[in-house]
Amino acid sequence: MSQENGSPPVSSRTRPLRRAIALGASAALLVALAACSTVDDGSSISGKGASGSANCGSGDEQSAITAAVKGRTLKVGFAPPILSEFYTQVEKSAFNRMSELEECYGIKWEWARQGALNDAHSGVEAVGIVENFISNKFDAVFVCSAAAHATMQEIYKAGSEKGVDFYQFNSTEELENPSQADDPTAGLSTVSNIGYDDRWQSGYIAGQYLAKALQGEGQIVQILGPSGSDWTKLRQQGFEAAISEFPGMTIVGSADGGYVRDKGLTAAQDLLTKFPDIAAIYGENEDMALGASQAIDLAGLKHWDGTKGIITIGADGLISGMDSIRQDKLSATVDVNSVDMGRTMIDTLFQHEILGMTVAQFIQIPTVVIDKTNVDWAEAKIAASQAGSGKY
Amino acid sequence: MPSRPRSAGQVTRNAWERLLVDPTLGVISLLLIFALIAAFALPVFYAGNNIYNLVGTIITVMILSIGMTVVLISGGIDLSVGAVMALCAGVAATLIKMGAPLFLAFIAAILVGIAAGLVNGLLITRVGLPDFIATLAMMGFASGLLYIATQGVPVIGYMTDEYYVIGGLRPLFGPVTFPILVAVILALVVGWVLASTKLGTHFFAVGSNALAARQSGIPVRWVKTQAYVLSGTCAAIAGIILAGRNNNVPADLGTGYEIQAISAAIIGGASLMGGRGRVFGAVLGALTLALAINIINLAGVPSSYQKIVMGVILILAVIANYLSELARGATLRRQAKRLSSIAA
Amino acid sequence: MKHSSPFARIMSIPGMPMTVVLIVSVIVFQLLNPVFLDGRTVGNYLTNGIPILLLTLGVSIVIIGGGIDLSVGTVAGLSAGTTMFALVNGAPLAVGIAVGCGTGLLFGLVNGILVAYLRINDFIVTLATLNIAAGLLVVLSQVQPLQGVTVPGFSELTKGSVFGIPTSFFIAGVVFVIAHLLLAKTIVGRRLYATGISAPASNVAGVSVPHLRLFTFAASGLLAGIAGVLFASRLGAVQAFLGIGYEFIAIAGAVVGGITLAGGGGSVWAALVGGLFLATLQQGLRINNVDPVYFSIVTAVAIVFGVVFERQVRRVILRAALNRTALSTNDRGRSADQHMNERQPAERVAAVTAPEGSKNDAK
Amino acid sequence: MTYPAKPTSTRSLMLEVRDVTKHYEGVTALDHAGLSLGAGEIHALLGGNGAGKSTLISILSGVTKPDSGEIVLGGEMISVSGPLAAMSAGISTIYQELSLVPALSVLDNIYLGRELKRKTLGLPLTLDRRRMEADVRDLAADFGVTSSELRQPVSEFGALKKRSIEIIKALAFDTKVLILDEPTSGLEEAERRVLFSHMRSMRDRGVSLIWVTHHLEELFGLADKATVFKDGRTVGTVDIASTSVGDLIGLMFGAAQEEFGGGDTRKITHLEPSHKRRVVLSARNLSRGSAIRDVCLEVHEGEIVGLAGLAGAGRTEVVRLLMGLDARTAGTVELDGRRLSLRNSTAAYRAGIAMLPEDRKQLGILADLSTAQNISISRLSTVASAGFWMSRRKERALAEDYRRQLGIKTPNVEARIGNLSGGNQQKAIVARCLNTSPKLLIFDEPTQGIDVSAKVEVHALVRDYAANGGAAILIASEIEELLELSHRVLVMKKGQVVGEVRDIPAAIEAGDFSRIKSEVLTLSAAGQIS
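From first to last, the protein sequence lines are chains X, F, S and C.
So the numbering used here is basically just the index in the first sequence, starting at one, shifted up by 67.
So the numbering used here is basically just the index in the second sequence, starting at one, shifted up by 733.
So the numbering used here is basically just the index in the third sequence, starting at one, shifted up by 962.
So the numbering used here is basically just the index in the fourth sequence, starting at one, shifted up by 98.
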């Protein structure tokens, strides 16, 4: 019924066509509307790089690696927990790296994105998505899921037995693994986990930044993601750990901002009402921090100007937040480095799948706090990674 | 006068009795109780501009619930408001970003809202789908369109100085913000339509007894369709405002808003059976919801209890409305008795 | 031809038109990607889909009885949470399952009592319990991480197989067969349909409508509880937010399958087929790697299409049947006159709002 | 062509319907039907169920479009494209089921669809309620609706007032033709008289009335002409002054059928004096809040006890208490000497009380279930094995039994009951009651909305039931019907029993019909205990 693993896969040109047919056929099935022509997600695939000229190493190296690639096509699945700006940044960076590798070594890619639309946290959809990648005999799958450790590892295990390699990205696997204290890699069925910040997620860095800016003094409120999310819990732990190192700093209140801007705004307004004298607002992601920034404007309070005012700090590193930093609306954000995450994912994949390298179980991407001092290069870097028209 | 009770007889009523027969009594009392609790337990409730903030927070839900009330009165339900709101916000934002003047972008957004309402109405009245299903499909369709257009990346870079005013992030004059003004005008206009125009009467007629409406020559299907168009328009207006308040339009902007809008309308006394509801009630219902979250945040209640509180409020509102209905019945009977004794 | 043809008779069974659509869509998807019907793939996607199918079934029972239940999704989520909670704290398997099912049943009973005996509108009641169940799961998940269960046999509920067939198929099969027999063959089922057609008339005819209402919500709650146990077993861990939004999927599935939202019409088969159709559609798109941004539009169109198709098929068949009766009966006019005058009020309202062509259709 | 042969001679022609044909889904509802209506004439439209009357009405009122045919109003051919077109042409309809909107005020209801508007900002947007009220105030007062009542929601009024509101609604505009579909249904004797006087005054205003009714006796002294429909065709038009009930029935059902008759042929079952018979039901001091107070009721074996009273007197409420449909606040019910708790209708059926409810369409039939299923529902255990497993075979056999026994006309007991005629539906409901082997059977308005022939059959069922030793309670608003069938009548007013009339069969036989009738009516109205 299904093709053998390793047999020549369906050529990459027919594949999008099939997607179109699937969608078209369902459409035809449904309304007898042959609306499939509207679905065109890449019939013009050519993998144009963003940079145009990639660094392929020396001539010998290039030809040797090209020989090792043997013109193979890697079939890669990409499963973000939701569709959002952050994951799009990661995906586009990955595309750029993919096209560079293609240009240098002749490797071909087949890329399929599947993400849950409304069901980021429960894992029900993630399970279905990953299983489909297994059924379709993908070579490797990148997963970021908010579903629990136990849920996902079990599927990875089953998939690995079928010959699919799993890579987690933007993950907190190291922290979630129940055996983290003695052996963080125990029971993992992933090839590698590409994340950032070894212990405390972005929260710790944000806390440190605040402490430094405020010189260890001040009251802080935090706006958290939806309560019940592990992500929220970890970032909160990290943040609180950082703050607890400074006795002059206290977290006086927190509220639910649901990871979205308007709820963040509402939560910040309520917190500002109750605690008008705070020095800083920590938004657990950038959107909520931007909501808090608006609340500061609405309350007629002053933003941080380097010496006084309220500091707002978020975390993500979104291109959409850079202007706010430049205008002092958002004091800072923890850039969890979507650019290098995307590139590292592809590099790790290439190293392991093509070159047969053993890769680290936990790979950590450098992170940086972006504020007005470094916003220019940070934005330029992200923008460059997004500029490529490459699509897979 | 938009808020005139529909059943005002010529019986003279003192203020107390007028309150007792007011259909909004239930939600008013609920709101009062909350405000009292807040006042006693949380002095900070009246601090600064908390109440002003509270109103700013709830404007979008309020506008949605005004449209929802009309749909409920005409005997339907609209689950698509949240998704349509997000789609309209996306349309407005994208057009502005592409350089369109604000008012053109807004007109386009409102046209999209009207179109969505029209499709809802036609699916229900011409194709004959149950309202629940038709608007559920519209919810998927509208949010799908936004996802396709944005690929999940929020629309940004459309904010202008005017848009900050429109979003309510900067006041219009004095303490009045543009969204508050819009909400008030919308409430007055829709309230007036319901109470004093032919169309308003027809909304009630269609929701209360569709057969009688048809036999009286009312174009039942068209009236129902208009209710959905009105709801779609409200969704578009809410979307335009929310896009300004939010500064970006993520694809999931509208998630959960339909439930909030329905809850607000029901808390405000609208009936799912049709033929009953008031704009004023919807406005108060939306305020009640906002107040609940406000109290949770101010009191420092762990936000994990937020949803439980929402559920409990719904039940309380139903009970409050039921009690107010009892009070209303008793008062009316008393008056009837008094009237007949006068006659005799 | 005196009686209706076998084909017409089969197609007039609730859910049959959608069954045809389901079969066609399976064939189309299989032709597009042969992996679709691969045993493992089918096993997986059905195993994933079974809890939601159970929710569809629960909602269907409530709808047939003339009500609606919005709380099924989050109640299933909470049930998954309580099951996990019990097992994590060392309860034996049977107790864990009982706790999950009991949670669902408890919520069903609360819904039922509020709706049937306190006469609060079911939409509002279940909207409230939807929020309450979701909130309780959040609280529960903060008490203790709901994962790491090692109780033997628990994961086998969804991951094991008997004779190569996944265990959860047997569970779902038993549940669906029981539900079918209950609805189609027993006194309770008959009373259920009667209540859905007209609660006041059923009440006069000797059906205790409140008991029945309570029964429908309890059944729906219990099914949500079972679904929750399966979710927990399948996922191996339960997080907050599980089940949010599933109420819409469940109701859409029921209606697409041919369960009339007004009550009194439909069958267990219809619920099954409708739920399966939506799940199959999503699976078909996914296995062909269609970008997920298209999913919700396709599903939306499918819902509209499903309902319209079902009705059109039924209309064509009924028209043919009516024509035959018209020829065989001598008192002309009667039948049509009856259609004009003998409708139930709900139908009449439908007739008023429905398009011209369908107005005089028998239901 | 079976056209009315007799042209309207004295009065000028107001409305003429020619050659109207209408098919529904292959069924011919109207077949070249016609009708001629003079100006200022009360014109009865008669026919059995399914004769095509309702279709003609819905065509005239614009709800249905005919396939072919002409409608001529006041000499001009009109096309009735919708309800509004009909109304603006001058044709108004008052439907059998009240078509008022409960949520709206009386005034809004009267003007529904034809609202008067005044200018706001130069545009005619706002409703001009003041002018509407001024325009209609006098007319409303004529029909007993005060101007403060005009502003109250319709939901607060009773049946007669609602009917008056509908009449006002029809007359508020320039109505030339008023169609009344069973206008007396749900009205009491006294209310009927009020309505009839309204009808006369409308005729005097020059309005032509089309009057659809099953109560042929009502026609005499009121209607001018009658047109009879059968099988979608016009059978003929007659002058009421020169015809009789028998003639009309002959036209309606094809042959003179003597047994169908208003007051001519009464079959009365004589009973022994009541003290010699066993008491089946004994209800003491039944109360429900202030709506029902201290009602005592005894029914003996073989006896039919009638409940008389005006609408709102509490008759239906009393029997609902007996059925356990509503909870009583005080009182005891004993059946065959056994005290009943009556928590719900299931318990009532099990104990041996059964009820045929008023309002067949809403409370009687379960339209989407089959005839067989409608019969078995009251006691499903008779068609089930092991107490819960339905047996289709048993159910069918049961239904077939009753079909033969009661003469239910249906080609198939497994066909949808909604497709049967009203009379046959009612028989199926009787079968449903009999299926529980009741000791007491309650008939609440058993002949409402069914045609004359079916009425006679239902009467026979009631009599047979009692003749075989059953005990029955009968509620009928039509006083003649009540007296014809009952052995004894209790009169109710304001939730209480205010009087009793005994030995009715004997009295009727003695020729005292009108005396008893007036006695009952006086009691109902005045409530003096005799």
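All C-beta atoms, glycine included, are put in the ideal place defined by N, C-alpha and C.
- Around the beta carbon of Ser443 (chain C), 16 or more other beta carbons lie within 10 angstroms, which makes this residue buried.
- Counting only residues of its own chain and dropping the five nearest sequence neighbours on each side, Leu869 (chain F) has a CB closer than 7 Å to the CB of Leu812.
- At a cut-off of 8 Å between beta-carbon atoms, Ser1036 (chain F) makes contact with chain X.
- Under the three-state reduction of DSSP output, Glu1272 (chain S) falls in the helix class.
- The stretch 348-357 of chain X and the stretch 1040-1055 of chain F do not touch, with fewer than three beta-carbon pairs separated by less than 8 Å.
- About 37 Å separates the Cβ atoms of Ala570 (chain C) and Ile308 (chain C), ruling out a contact at the 8 Å cut-off.
- In this structure, Asn1030 (chain F) lies near Ala334 (chain X), with their beta-carbon atoms less than 8 Å apart.
- Annotation: the continuous beta strand (DSSP E) that includes Met590 (chain C) extends over Arg586 to Lys591.
- Counting only residues of its own chain and dropping the five nearest sequence neighbours on each side, Val1255 (chain S) has no CB closer than 7 Å to any other CB.
- Between Phe991 (chain S) and Gly1183 (chain S), the C-beta gap is not smaller than 8 Å, which leaves the two residues out of contact.
- Contact residues of the stretch 851-864 of chain F toward chain S are Leu856, Ile857, Thr858, Arg859, Val860, Gly861, Leu862 and Pro863 (C-beta to C-beta distance below 8 Å).
- Contact between the stretch 1034-1045 of chain S and the stretch 217-236 of chain X is absent, with fewer than three C-beta pairs closer than 8 Å.
- Judged by DSSP in its simplified three-state form, Phe906 (chain F) adopts strand.
- Using a 10 angstroms sphere on the CB of Gln282 (chain X), the tally of other CB atoms stays under 16, which defines it as exposed.
- The continuous alpha helix (DSSP H) containing Trp925 (chain F) extends over residues Phe911 to Ser929.
- When Cβ pairs closer than 8 Å are counted between the two stretches, the stretch 995-1012 of chain S is seen to touch the stretch 190-207 of chain X, the count reaching three or more.
- Look at Gln524 (chain C) here: in three-state DSSP terms it is helix.
- Taking 8 Å as the cut-off, the Cβ atoms of Gly1237 (chain S) and Gly1062 (chain S) do not count as close.
- In terms of Cα proximity to Ile157 (chain C), the closest of C:Ser190, C:Met488, C:Gly146 and C:Glu231 is C:Ser190.
- Excluding sequence positions up to five before and after Val1024 (chain S), its CB lies within less than 7 Å of the CB of Ile1030, Asp1031, Thr1178, Phe1179 and Ser1182, all in the same chain and listed in chain order.
- For a cut-off of 8 Å, the C-beta gap from Phe874 (chain F) to Ile1259 (chain S) is around 6 Å, short enough to register as a contact.
- Neighbours of Val909 (chain F) in chain X, taken as residues whose beta carbon is under 7 Å from its own, are absent, since the nearest beta carbon is some 14 Å off.
- Using a Cβ distance threshold of 8 Å, Ile1014 (chain S) and Ala1096 (chain S) do not count as a contacting pair.
- Boundaries cannot be given for Gln394 (chain X), as no alpha helix (DSSP H) includes it and DSSP labels it neither H nor E.
- Along the stretch 1041-1058 of chain S, there is no position whose C-beta sits under 8 Å from a C-beta of chain X.
- The secondary-structure analysis by DSSP pairs Gln289 (chain X) across a beta bridge with X:Ser321 and X:Tyr349.
- Taking the Cα positions, Gln431 (chain X) is about 32 Å away from Asp372 (chain X).
- For the pair Gly815 (chain F) and Gly989 (chain F), the CB atoms are nearer than the 8 Å cut-off.
- Using a C-beta cut-off of 8 Å, the stretch 787-806 of chain F makes contact with the stretch 899-917 of chain F, since at least three inter-stretch Cβ pairs fall below that distance.
- By the neighbour-count criterion, in which a residue is buried when 16 or more other Cβ atoms sit within 10 angstroms of its Cβ, Thr335 (chain C) is buried.
- Of all alpha-carbon atoms in X:Val157, X:Ala450, X:Leu357 and X:Gly409, the one lying nearest the alpha-carbon of Ile378 (chain X) is that of X:Leu357.
- Following the DSSP letters along the chain, one finds Ala183 (chain C) inside the alpha helix (DSSP H) bounded by residues Pro181 to Ala187.
- Burial state of Tyr326 (chain X) is buried, judged by a 10 Å Cβ sphere holding 16 or more other Cβ atoms.
- Going by beta carbons, Ser306 (chain C) and Glu139 (chain C) fall inside the 8 Å limit.
- Among the residues of the stretch 200-224 of chain C, those with a Cβ less than 7 Å away from any Cβ of chain F are Pro200, Ala201, Leu202, Ser203, Asp206, Leu210, Gly211, Glu213, Lys215, Leu223 and Thr224, in the order of the chain.
- Proximity of chain C to Lys1147 (chain S) at the Cβ level (cut-off 8 Å) is accounted for by Trp487 and Met488, in chain order.
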